[in-house]
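Q:
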Amino acid sequence: MSERVPALRAPGSRYHPAMPLRLYNTLTRTEEDFVPRDAARVTFYSCGPTVYDDAHIGNFRSFLAADVLRRWIESPLCEVKGANGTTHTGPRKVVHVMNITDVGHMTDDAEGGESGEDRMAVAGRRIAEAKKSGKLPADVAIDPGNPYQIARFYEDRFKDDAKRLGLKLALEAEQDPTLQPRATESVPGMIELVKRLIAQGYAYVVGNPGDRVVYFDVQRFPTYGRLSGNTLDHLREGAGGRVAAANQASKRHPADFLLWKEDSSHIMKWDSPWGAGYPGWHIECSVMSFQRLVGKDLSATIPGGEALIDLHSGGEDNIFPHHECEIAQSCCAFNAAPGKGGYARLWFHPRFLLVEGAKMSKSKGNFFTARDLFARGVEPAALRLELVRTHYRSNANFTMQGLADSQRQVERWRRFVESAKGDAAHSQGSRDDAMIGFALAMNADVNIAAAIAEVNKFVARTEKPGTQDAALMKEFDAVLGVLELPRPAAASTEIGVFAPGVAPDAAVVAKLEERRAARAAKDFARSDTIRDELLAMGYAIKDVAGGKVEVRRAGS
4 MSERVPALRA PGSRYHPAMP LRLYNTLTRT EEDFVPRDAA RVTFYSCGPT VYDDAHIGNF
64 RSFLAADVLR RWIESPLCEV KGANGTTHTG PRKVVHVMNI TDVGHMTDDA EGGESGEDRM
124 AVAGRRIAEA KKSGKLPADV AIDPGNPYQI ARFYEDRFKD DAKRLGLKLA LEAEQDPTLQ
184 PRATESVPGM IELVKRLIAQ GYAYVVGNPG DRVVYFDVQR FPTYGRLSGN TLDHLREGAG
244 GRVAAANQAS KRHPADFLLW KEDSSHIMKW DSPWGAGYPG WHIECSVMSF QRLVGKDLSA
304 TIPGGEALID LHSGGEDNIF PHHECEIAQS CCAFNAAPGK GGYARLWFHP RFLLVEGAKM
364 SKSKGNFFTA RDLFARGVEP AALRLELVRT HYRSNANFTM QGLADSQRQV ERWRRFVESA
424 KGDAAHSQGS RDDAMIGFAL AMNADVNIAA AIAEVNKFVA RTEKPGTQDA ALMKEFDAVL
484 GVLELPRPAA ASTEIGVFAP GVAPDAAVVA KLEERRAARA AKDFARSDTI RDELLAMGYA
544 IKDVAGGKVE VRRAGS
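Each residue of the sequence shown is one higher than the one before, starting from 4 at the first, in this note's numbering.
1. Taking contact to mean at least 3 C-beta pairs separated by less than 8 Å, is the region 451–461 in contact with the region 334–352?
2. Output the boundary residues of the alpha helix (DSSP H) element that contains Pro-191.
3. Secondary structure at His-352, three-state DSSP: helix, strand or coil?
4. With DSSP run on the structure shown, which of helix, strand or coil describes Gly-244?
5. Can you confirm whether the region 89–98 touches the region 33–53 when touching is taken to mean that 3 or more C-beta pairs between the two stretches lie within less than 8 Å?
6. So, helix, strand or coil for Arg-555, using DSSP?
7. Whose C-alpha, out of Gly-425, Ala-442, Glu-457, is nearest the C-alpha of Gln-471?
8. Residues in the same chain with beta-carbon distance under 6 Å from Ala-69, minus the five sequence neighbours each way, listed in chain order, please.
9. If you run the structure through DSSP and keep just helix, strand and coil, what is Asp-214?
10. In the DSSP output, what is Lys-545 paired with across the bridge?
11. List, from N- to C-terminal side, the beta strand (DSSP E) runs of 3 residues or more that fit wholly inside the region 38–107.
12. According to the neighbour-count rule (16 or more other Cβ atoms, all chains shown, within 10 Å of its Cβ), is Asn-102 buried or exposed?
13. In or out: Tyr-395 buried (at least 16 other Cβ within 10 Å) or exposed?
14. Within the continuous beta strand (DSSP E) that includes Gly-499, where are the two ends?
15. In the DSSP output, which residue or residues are listed as bridge partners for Leu-26?
16. Taking only three categories from DSSP, how would you classify Gly-484?
17. I'd like the list of long-range same chain contacts for Ala-361, defined as Cβ closer than 8 Å, with 5 residues on each side in sequence excluded.
18. So, Ile-498 versus Val-512, is the Cβ gap smaller than 8 Å?
19. Per DSSP, Ser-136 forms a beta bridge with which residues?
20. I'd like to confirm the pairing. Which residues does DSSP put opposite Lys-264 in its beta bridges?
21. Which value, in whole angstroms, describes the spacing of the CA atoms of Ser-430 and Thr-465?
22. Just reading off the alpha helix (DSSP H) that Asp-375 is part of, what are its end residues?
23. Using the DSSP secondary-structure output, state which residues sit across from Ile-305 in a beta bridge.
24. If you draw a straight line from the alpha carbon of Gly-210 to that of Gly-278, how long is it in whole angstroms?
25. From what residue to what residue does the beta strand (DSSP E) around Phe-401 run?
26. Under a three-way DSSP split, which group does Leu-172 fall into?
27. Going by beta-carbon coordinates alone, are Ala-58 and Phe-161 separated by less than 8 Å?
28. If you run the structure through DSSP and keep just helix, strand and coil, what is Val-458?
29. Which word fits Ala-520, buried or exposed, when buried means at least 16 other C-beta atoms lie within 10 angstroms of its C-beta?
30. For the beta strand (DSSP E) that Leu-314 lies in, which residues bound it at each end?
31. To the nearest angstrom, how far is the alpha carbon of Gly-307 from that of Ala-331?
32. Mind reading off the beta-carbon distance from Leu-170 to Leu-386? Whole number of angstroms is fine, and I expect it under 8 Å.
33. Tell me, to the nearest whole angstrom, how far the beta carbon of Leu-196 is from that of Ile-76; I am working on the premise that it is less than 8 Å.
34. Restricting to Cα atoms, I'd like to know which of Ile-145, Gly-137, Ala-165 is closest to Ala-126.
35. In whole angstroms, what is the alpha-carbon distance linking Gly-241 and Gly-228?
36. For Val-246, is the classification buried or exposed, using 16 other Cβ atoms within 10 angstroms of its Cβ as the cut-off for buried?
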């Protein structure tokens, strides 16, 4: 067991998680034991961002759910079943890979990816407008007509947001960039894989030079639809809006999907045996996941229907068509018995995020990126906790009140760790109860809400925490990923001292100035009313030395 948890090694400790990790598998629609191929080295692939815009908080909800799962699998509190049926107690390493989609796919990806508008062109117009309006910082040098500069601009912003939110993979990728492979750098492998699928009879070329297209033949993969339920007998032309009628004439089946499209007018294009063009959306993940987690040789054949990687994640909107197609092309390319395969042993899909009970929409004013909230003074630790604290298979509802609650929660946990003194050996039983409860919750399909409840019960019953209590709290946080994030410094203005995580909001500053004027006029009733108004806005104030006012989140 890890030395990070002295409580696990303490004399008389009765800690045991009682059951190994069980997870819901989208492919089988059941909760099952997680049994990796090698319990000491777990392979995990997550579908990453499309870098044509900033990632929004719904994207980060999915990324962070995968991060929590990865952290739990690596925790010394977690046990998993080994392939031989024994229980593996660790140590355990997760090799977690997340792609960067920087190829200029089309805006109709969900309907086939053959029409619509190039996403890089859309992004270029957005950047040009931002430069013209002054919304883009003056020191940002980017050519709106250069797709590679556009992609790097948004990629860098994503990585910065991800690191601020404690995405462990993003932090590791600073030392090992292969953990975040770029689609543009994997196009040669995509071409190689498409050639293999054609040679094996799983894909076919239609059209004449100048307008050739390569499609995957879904009828050659009888289990197509197993992940999503969209089986071939249910997929008709136009069903579910997924298949555009204009692109059907040359297909063998309406559900056949794009592997390569010849298009000399496309902004980003590469030479191929089928003319200069671009790859389909789905093929990139098969190549990047295989080459980073299985092996470089794309001509390799895996016996039977054996899974190639242990875990694969993505938002629920990736289930169909993206992951369904990824399974089909990967199993046909790499498995000796494709129909028996599922590519990954387990498929993990967090559900959508609502904002104030509604779907995110720019027109409704409830659309947020992580950096939008950081700019408002939201602390990354609070945002991370708010995005992960709901079970991943439930729709999470992001609210400003919930964000304030998460901020208060973070502050309580910090005070618990900071107040620890001495060696409270008498609390071993309490630590055991906390460890057992936390592990039971996390092993039950990553029930993070129940796990957080166990942490809070432990904090509540430990009135005078000792150093071992603090060490255990830090071990819990190694999974939650909150307390390890940097604590923002307090911000000071002419009138206020704003606590860490509280930005000098213009509306709050205006209230403070109005209150100062009321007090100068000895209108203390108005001063008290403004205090109440600020409290209703979620801010608590206190007069401090120097004639300033300390501003904190209410309840923190």
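Glycine is no exception: its CB is placed at the ideal position from the N, C-alpha and C atoms.
Note that this is a predicted model, so its numbers are computed, not measured.
A: Put simply:
1. no
2. Within the sequence shown, numbered from 1, the residue matching residue 191 stands at position 188. According to the DSSP assignment, Pro-191 belongs to the alpha helix (DSSP H) that extends over 190–202.
3. What you label residue 352 is simply residue 349 of the sequence shown in a count that begins at 1. It is coil, neither helix nor strand.
4. On the sequence shown, position 241 is the one that residue 244 refers to. Since pLDDT at Gly-244 reaches only 40, below the 50 mark, its modelled position is unreliable, and no value is offered.
5. Under the Cβ criterion (8 Å, minimum of three pairs), the region 33–53 counts as touching the region 89–98.
6. Here residue 555 corresponds to residue number 552 of the sequence shown, with the count starting at 1. Residue state, collapsed to three classes: strand.
7. Residue mapping note: residue 471 aligns to position 468 of the sequence shown, counting from 1. Residue Gly-425 is the option with its Cα nearest to Gln-471.
8. To locate residue 69, count along the sequence shown from 1; it is residue 66. Contacts found: Ser-49, Ser-316.
9. Here residue 214 refers to the residue found at position 211 when the sequence shown is read from its first residue. Of the three classes helix, strand and coil, the one that applies to Asp-214 here is coil, per DSSP.
10. Here residue 545 corresponds to residue number 542 of the sequence shown, with the count starting at 1. Partner(s): Glu-553.
11. 44–49, 96–101
12. Taking the sequence shown and counting its residues from 1, one reaches residue 102 at position 99. By the neighbour-count rule (16 or more Cβ atoms within 10 Å), Asn-102 is buried.
13. Counted from its first residue, the sequence shown places residue 395 at position 392. Buried, by the Cβ-count rule.
14. In the sequence shown, counting from the first residue as 1, residue 499 sits at position 496. Under the DSSP assignment, Gly-499 falls in the beta strand (DSSP E) whose first and last residues are 499–501.
15. Stepping through the sequence shown from its first residue, residue 26 is reached at position 23. Paired residue(s): Glu-35.
16. Here residue 484 is taken as the residue at index 481 of the sequence shown, counted from 1. If DSSP states are grouped into helix, strand and coil, Gly-484 belongs with coil.
17. Within the sequence shown, the letter at position 358 stands for residue 361. Closer than 8 Å at Cβ, skipping near neighbours: Lys-367, Asn-369.
18. On the sequence shown, residue 498 is found 495 positions in, with the first residue counted as 1. On the sequence shown, residue 512 is found 509 positions in, with the first residue counted as 1. Taking 8 Å as the Cβ cut-off, Ile-498 and Val-512 qualify as a contacting pair.
19. Translated into the one-based positions of the sequence shown, residue 136 becomes position 133. Answer is none; Ser-136 lacks a bridge partner.
20. The count along the sequence shown starts at 1 and reaches residue 264 at position 261. Answer is Val-216, Tyr-281, bridged to Lys-264.
21. Position 427 of the sequence shown, counted from the first residue, corresponds to residue 430. Position 462 of the sequence shown, counted from the first residue, corresponds to residue 465. Distance between the alpha carbons of Ser-430 and Thr-465: 8 Å.
22. In the sequence shown, the residue the question calls residue 375 occupies position 372. Where Asp-375 is concerned, the enclosing alpha helix (DSSP H) stretches over 373–378.
23. The residue labelled residue 305 in the question sits at position 302 within the sequence shown. Its beta-bridge partners are Asn-338.
24. The residue given as residue 210 occupies position 207 in the sequence shown. The residue given as residue 278 occupies position 275 in the sequence shown. If you take the alpha carbons of Gly-210 and Gly-278, they lie about 11 Å apart.
25. For this step, residue 401 is matched to residue 398 along the sequence shown. First-last of the beta strand (DSSP E) with Phe-401: 399–401.
26. In the sequence shown, residue 172 corresponds to position 169, counting from 1. Residue state, collapsed to three classes: helix.
27. Numbered from 1 along the sequence shown, position 55 holds the residue referred to as residue 58. Numbered from 1 along the sequence shown, position 158 holds the residue referred to as residue 161. Yes, Cβ-Cβ distance for Ala-58 and Phe-161 is below 8 Å.
28. Position 455 of the sequence shown holds residue 458. DSSP places Val-458 in helix when its eight states are reduced to three.
29. Taking the sequence shown and counting its residues from 1, one reaches residue 520 at position 517. When all chains shown are included, Ala-520 counts as exposed.
30. Walking along the sequence shown from the start, residue 314 turns up at place 311. For Leu-314, the uninterrupted beta strand (DSSP E) segment begins and ends at 312–316.
31. By one-based count along the sequence shown, residue 307 stands at place 304. By one-based count along the sequence shown, residue 331 stands at place 328. Taking the straight line from one Cα to the other gives about 15 Å.
32. For the purposes of this step, residue 170 is taken as the residue at position 167 of the sequence shown. For the purposes of this step, residue 386 is taken as the residue at position 383 of the sequence shown. Not a contact, Cβ separation roughly 12 Å.
33. Taking the sequence shown and counting its residues from 1, one reaches residue 196 at position 193. Taking the sequence shown and counting its residues from 1, one reaches residue 76 at position 73. Wrong, their Cβ atoms sit about 29 Å apart, outside the cutoff.
34. In the sequence shown, the residue the question calls residue 126 occupies position 123. Distances from the alpha-carbon of Ala-126 to those of Ile-145, Gly-137, Ala-165 put Ile-145 closest.
35. Residue numbering aside, residue 241 sits at position 238 when the sequence shown is read from its first letter. Residue numbering aside, residue 228 sits at position 225 when the sequence shown is read from its first letter. Any reading at Gly-241 is ruled out, since the residue's pLDDT is 45, under 50, leaving its predicted position unreliable.
36. Start at 1 with the first residue of the sequence shown, and residue 246 comes out as number 243. Any reading at Val-246 needs caution, since the residue's pLDDT is 46, under 50, leaving its predicted position unreliable; the model's value is listed next. It is buried - the Cβ of Val-246 has at least 16 other Cβ atoms within 10 Å.
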